[in-house]
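Chemist:
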């Protein structure tokens, strides 16, 4: 029920998630704030920013990232629209809608298919390869969601104001770089890469990408809200 | 004359008719018909041309309108088909299985999916194109791994999420639709081609009603999908290369089976290849309504013309039939038939014309009758005239007539006197009276005609010559009664000459001439008795006519000769002169007596040249004698007409001068009777002759009843006593007294005397005793040629008296 209540209020769930992450992270000596802007200078909220080290032995923060993540489906949309996870994270695909969904992915990072189901699939799905996974629903063509799998404990999706805040970023940053990915990057295009060698502690980095945010596509038949088709369905609901 | 005129007319008319035939004549009826039919045909043709022209243009325009409407429909259909294909392709590309197959990136799987799913929507070609424009897989000959050749289409698709175009795949035109493969984001493009084939063409034909042809033209592309027949396709292929690239206005294209209004619409193409749709509508079908209209118009026009030809013929016949009747009537009238009235067939103008014809016909008939009557009758008396009676006579004598006729030619004696003294009105009254009497008398027995001023001809039938004189006598007795006019009785005397058929001739002219000859004889005799023609008179008459004709030639040709009769002094027998006497030796008639031809010369006006001839030749002879030493004046006889000719004195003077003789060598002798005709004028002219210097003598004195007063006034030198007195002088004391008295009378008037007809010694002696100065006669010397005078003179001088005794012949 709790989950139900959480999934029904995405904003609250998200806030709780970030709050929990902040609580679990050790107080690193240094924090890093990255601000991602689009072509038009507007902040991008669907970008995924991750910190990587060239030296494998470098330990980046705590290993205590959660094992599962949730990609909910509510209001005929994948929620969140963009989900960033660490490699080997299990993602649950609960269906909060009253209609069934047929979630699939043909992406190279993860091919899977959850044939028509309601409520919750039998088991979560593990993502062992990095890279973008584009989610679709075979029933509702407009439903598009993204799971970006990174191999780093330091990653975040930008907030509404386009910022991602990292703590526990080592002081020695010569080997570190940022990778910024966005769903609007072109097919097969690698994520944007930015070295952190020259960055100063507590500094806010602003990164500009040649993309813009695109809101999740609306269901085709309902776009105008009062089509004959929609009215017919609504009438049907009332009689129920 | 009449016959001649008629024959001339007859000779001319065939020529006129021939002329009439030679000139092409268009009848009135034909002209009416030609006008009516011509006008009708012209209007029909004009209407037909206008209608047909309009119809043709309208049909053609409508066909082209339909064509362009059809073209728009076609384009719409093609677009809608594209949309349909697009939708279909989209549905297909959204198929999960298809997406899944594409996502496998396994080529064999992808290709099999393309085949399978392409088959579902009956695509002719399916291609999978990567997002960066590389052909991943293809059912057509396009090789995998190579660039997608239709860059524009790809651009379009990338911009709009989908695209369609007409392209050539393997040289064949396809509608190619390009839709994305979303899984769920776009991972590739699926392109599906649909061949523009015969079936599509047929479907579109069913919808547009046009012939539809898809053609690929250009390098390595020769493709035709069409609804046309095989033969038309072959023809179209041959021409299609010339078809303009741009979409042109509808043009007409002639193919094997038909001719088409054709419009092309370009469907695409690149690299020198292009895809064109030709939309055609059969011209024959389009023009079918035109041909129908045309045939109907032709039928209507033909029927109208036929009907109006019929109607026109009937109407024209209605007009021309009465005209032909009138023409026939006019022709009949022209030939002199006035008896058939022209039927009046209608009450219109033609009827009026027919009436006018009838009036004209009556008028002409009356006038012709009058003219004929006038031509054949004398206006004054109403009797037949000369030509009429001559014609009747000819008519009567033509054929073998056996019964006899007598012709009595009458003339009123001294009619000129009646006219002159009592006036022409009286003369006419007399003529009228005679005519009436004649008509009464001959009524039933024959016919009377007026043939000249006062001449009438009576022909009596069945009268023998033996009875002719009696018949004429009784006729004269009935006619020659005094004419009572204005209380005065004019005595009437008639001469009559008779000629009988067949005794006096069997030709009308002969008979009439002989009656005339007889009449002249009667007038000469002046006996008041009818004269029967005497056989031979006519010949004499004719001979005179010939002589008259020949006399002129005789004067010119010197057929005339002069003879000279000597005149001698009775006192001593001396030769004192010679009288020149003219003689005519006619080449065929022999010697013609002067008392025959001189009156002829006087009648015919030849006397002047004759006198001139005598003067010239007599004076020439005189001059010759004079040159030979013989002084012998010549005497020339003058006619009375000569004396009346005022030019004579000048002629005489000229002749004397020409001969070079003194005037006293010429004596001019004039008969007493001539002088008495117009004494004052004669006296004047004689005085002029006297002035010339010639001597003047009065010839035949004693026969002319001249008065002494007249004689006294005449400027003459001598008298010649007529031989009739001299001849019987010695036996008749009365004559002897006359001769002596004349001689004494002459002497008392200071005139010399010449006695003519001296034949014997007794004559000579007695005349000498009476004191007559000169003698002339056979007893002295007969008339002789000029050259014989000298010989006679020599002989005469040996015994200068007549040697002949009385009783000698």
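Chains as they are written, first to last, in our numbering: chain A, 1 to 240; chain B, 241 to 1049.
Glycine residues also receive a C-beta, built at the ideal position from the N, C-alpha and C atoms.
In chain B, what lies closer than 8 Å to residue 95 of chain A by C-beta?
Modeler: In the first chain, the residue the question calls residue 95 of chain A occupies position 95. Within chain B, no residue comes near residue 95 of chain A; the closest Cβ sits about 17 Å away, beyond 8 Å.
Chemist: Whose Cβ in chain B lies nearer than 9 Å to the Cβ of residue 143 of chain A?
Modeler: Locating residue 143 of chain A in the first chain gives position 143, counting from the first residue. In chain order: 424.
Chemist: If you reduce the DSSP assignment to three classes, tell me which class residue 254 of chain B lands in.
Modeler: Indexing the second chain from 1 puts residue 254 of chain B at position 14. Reliability fails at residue 254 of chain B, whose pLDDT of 42 lies under 50, so the model's placement of it is uncertain and no value is given.
Chemist: In this structure, what does DSSP give as the bridge partners for residue 43 of chain A?
Modeler: Numbered from 1 along the first chain, position 43 holds the residue referred to as residue 43 of chain A. Per DSSP, A:37.
Chemist: At 7 Å on the CB atoms, spell out the chain B contacts of residue 134 of chain A, in chain order.
Modeler: Taking the first residue of the first chain as 1, we reach residue 134 of chain A at position 134. What residue 134 of chain A touches in chain B: 424 and 425.
Chemist: Shorter than 7 Å from the beta carbon of residue 78 of chain A to some beta carbon of chain B?
Modeler: Counting from one through the first chain, the residue named residue 78 of chain A turns up at place 78. Chain B, which has no Cβ nearer than 7 Å to the Cβ of residue 78 of chain A, makes this no.
Chemist: Residue 911 of chain B: buried (16+ other C-beta within 10 angstroms of its C-beta) or exposed?
Modeler: Numbered from 1 along the second chain, position 671 holds the residue referred to as residue 911 of chain B. It is buried - the Cβ of residue 911 of chain B has at least 16 other Cβ atoms within 10 Å.
Chemist: Taking only runs that begin and end inside the segment 729-757 of chain B, name each unbroken beta strand (DSSP E) of 3 or more residues, in chain order.
Modeler: The qualifying runs are 734-741.
Chemist: Relative to the alpha-carbon of residue 138 of chain A, which residue among B:1031, B:388 and B:331 has its alpha-carbon at the smallest distance?
Modeler: As a position in the first chain, residue 138 of chain A is number 138, starting the count at 1. Nearest C-alpha to residue 138 of chain A: B:331.
Chemist: Between the beta-carbon of residue 773 of chain B and the beta-carbon of residue 762 of chain B, is there less than 7 Å?
Modeler: Position 533 of the second chain, counting from 1, holds the residue named residue 773 of chain B. Position 522 of the second chain, counting from 1, holds the residue named residue 762 of chain B. Against a cut-off of 7 Å, the Cβ pair of residue 762 of chain B and residue 773 of chain B comes out as no contact.
Chemist: For residue 72 of chain A, count neighbouring Cβ atoms within 10 angstroms of its own Cβ and tell me buried if that reaches 16, exposed if not.
Modeler: Within the first chain, the letter at position 72 stands for residue 72 of chain A. With 16 or more Cβ atoms within 10 Å of its Cβ, residue 72 of chain A is classed as buried.
Chemist: Which residues of the segment 93-127 of chain A have a Cβ closer than 7 Å to any Cβ of chain B? Give them in chain order.
Modeler: Those residues of the segment 93-127 of chain A that come within reach of chain B (Cβ to Cβ, closer than 7 Å) are 106.
Chemist: In or out: residue 822 of chain B buried (at least 16 other Cβ within 10 Å) or exposed?
Modeler: Your numbering for residue 822 of chain B matches position 582 in the second chain. Buried is the call here.
Chemist: Are residue 806 of chain B and residue 1020 of chain B touching if we call contact CB-CB under 7 Å?
Modeler: Position 566 of the second chain, counted from the start, is the residue given in the question as residue 806 of chain B. Position 780 of the second chain, counted from the start, is the residue given in the question as residue 1020 of chain B. Going by C-beta atoms, residue 806 of chain B is nearer than 7 Å to residue 1020 of chain B.
Chemist: Taking the straight line between their C-alpha atoms, what separation do you get for residue 267 of chain B and residue 285 of chain B?
Modeler: As a first step, residue 267 of chain B is located in the second chain; it is residue number 27 there, counting from the start. As a first step, residue 285 of chain B is located in the second chain; it is residue number 45 there, counting from the start. For residue 267 of chain B and residue 285 of chain B, the distance between alpha carbons rounds to 26 Å.
Chemist: Any idea if residue 1031 of chain B is buried or exposed, counting beta-carbon neighbours within 10 angstroms, 16 or more meaning buried?
Modeler: Counting from 1 along the second chain, the entry for residue 1031 of chain B is found at position 791. Flag for residue 1031 of chain B reads exposed.
Chemist: Does residue 21 of chain A come out as helix, strand or coil in the three-state DSSP assignment?
Modeler: Within the first chain, numbered from 1, the residue matching residue 21 of chain A stands at position 21. Per-residue confidence for residue 21 of chain A stands at a pLDDT of 43, beneath the threshold of 50, marking its modelled position as unreliable; the derived number appears in the next sentence. Note: residue 21 of chain A maps to helix in three-state DSSP.
Chemist: Are the beta-carbon atoms of residue 55 of chain A and residue 174 of chain A separated by less than 7 Å?
Modeler: Along the first chain, one-based indexing puts residue 55 of chain A at 55. Along the first chain, one-based indexing puts residue 174 of chain A at 174. Taking 7 Å as the Cβ cut-off, residue 55 of chain A and residue 174 of chain A do not qualify as a contacting pair.
Chemist: Return helix, strand or coil for residue 98 of chain A, following the three-state DSSP convention.
Modeler: For the purposes of this step, residue 98 of chain A is taken as residue 98 along the first chain, with counting starting at 1. Reduced to three states, the DSSP call for residue 98 of chain A is coil.
Chemist: Does residue 139 of chain A come out as helix, strand or coil in the three-state DSSP assignment?
Modeler: Here residue 139 of chain A refers to the residue found at position 139 when the first chain is read from its first residue. DSSP places residue 139 of chain A in coil when its eight states are reduced to three.
Chemist: Using DSSP bridges, identify the partner residues of residue 155 of chain A.
Modeler: For this step, residue 155 of chain A is matched to residue 155 along the first chain. Paired residues: A:50.
Chemist: Counting only the same chain and skipping the five closest in sequence on each side, list residues whose C-beta sits under 6 Å from that of residue 861 of chain B.
Modeler: What you label residue 861 of chain B is simply residue 621 of the second chain in a count that begins at 1. For residue 861 of chain B, where only same-chain residues beyond five positions count, the Cβ hits under 6 Å are 1026.
Chemist: Is it true that the CB of residue 434 of chain B sits closer than 7 Å to the CB of residue 363 of chain B?
Modeler: Reading the second chain from its first residue, position 123 is the one you call residue 363 of chain B. Reading the second chain from its first residue, position 194 is the one you call residue 434 of chain B. Their beta carbons are under 7 Å apart, which means residue 363 of chain B touches residue 434 of chain B by this criterion.
Chemist: Determine the chain A residues that contact residue 336 of chain B at a beta-carbon separation under 7 Å, and present them in chain order.
Modeler: Start at 1 with the first residue of the second chain, and residue 336 of chain B comes out as number 96. Near residue 336 of chain B (Cβ distances below 7 Å), the residues of chain A are 138.
Chemist: Grab the span of the beta strand (DSSP E) containing residue 192 of chain A for me, first residue to last.
Modeler: Locating residue 192 of chain A in the first chain gives position 192, counting from the first residue. Counting along the chain, the beta strand (DSSP E) containing residue 192 of chain A begins and ends at 192-195.
Chemist: Is the beta carbon of residue 47 of chain A closer than 7 Å to that of residue 182 of chain A?
Modeler: If you number the first chain from 1, residue 182 of chain A lands on position 182. If you number the first chain from 1, residue 47 of chain A lands on position 47. Yes.
Chemist: State the start and end residues of the unbroken beta strand (DSSP E) segment that holds residue 522 of chain B.
Modeler: Residue 522 of chain B sits at position 282 when you count from the first residue of the second chain. Unbroken beta strand (DSSP E) run through residue 522 of chain B: 513-522.
Chemist: Let me confirm a value: residue 186 of chain A is counted as buried when at least 16 other C-beta atoms fall within 10 Å, else exposed. Which label applies?
Modeler: As a first step, residue 186 of chain A must be located in the first chain, where it is residue number 186. Exposed: under 16 other Cβ atoms inside 10 Å.
Chemist: Within 7 Å of any Cβ in chain A, is that where the Cβ of residue 343 of chain B sits?
Modeler: In the second chain, residue 343 of chain B corresponds to position 103, counting from 1. It does; some Cβ of chain A falls within 7 Å.
Chemist: Who are the near neighbours of residue 374 of chain B in its chain, counting only those whose CB is closer than 8 Å to its CB and skipping five residues on each side?
Modeler: As a working note, residue 374 of chain B is residue 134 in the second chain. Excluding positions up to five away in sequence, the list reads 385, 386, 387 and 388.
Chemist: At what residue ranges does the segment 867-906 of chain B contain a whole run of the beta strand (DSSP E), taking only runs of 3 or more?
Modeler: Runs of the beta strand (DSSP E) inside the segment 867-906 of chain B: 874-878.
Chemist: Which of the residues in the segment 349-364 of chain B, read from start to end, lie with their CB under 9 Å from any CB of chain A?
Modeler: For the segment 349-364 of chain B, which is checked against every Cβ of chain A, not one residue is closer than 9 Å.
Chemist: Please decide whether residue 227 of chain A counts as near chain B, where near means a Cβ-Cβ distance under 7 Å.
Modeler: Taking the first residue of the first chain as 1, we reach residue 227 of chain A at position 227. Caution applies to residue 227 of chain A, whose pLDDT of 49 falls short of 50 and renders its modelled position unreliable; the model cannot decide the point.
Chemist: By how many angstroms is the C-alpha of residue 623 of chain B removed from the C-alpha of residue 616 of chain B?
Modeler: Residue numbering aside, residue 616 of chain B sits at position 376 when the second chain is read from its first letter. Residue numbering aside, residue 623 of chain B sits at position 383 when the second chain is read from its first letter. Each residue's alpha carbon lies about 8 Å from the other.
Chemist: Please return the same chain residues whose Cβ sits closer than 6 Å to the Cβ of residue 39 of chain A, not counting the five positions on each side in sequence.
Modeler: Counting from 1 along the first chain, the entry for residue 39 of chain A is found at position 39. For residue 39 of chain A, where only same-chain residues beyond five positions count, the Cβ hits under 6 Å are 210 and 212.
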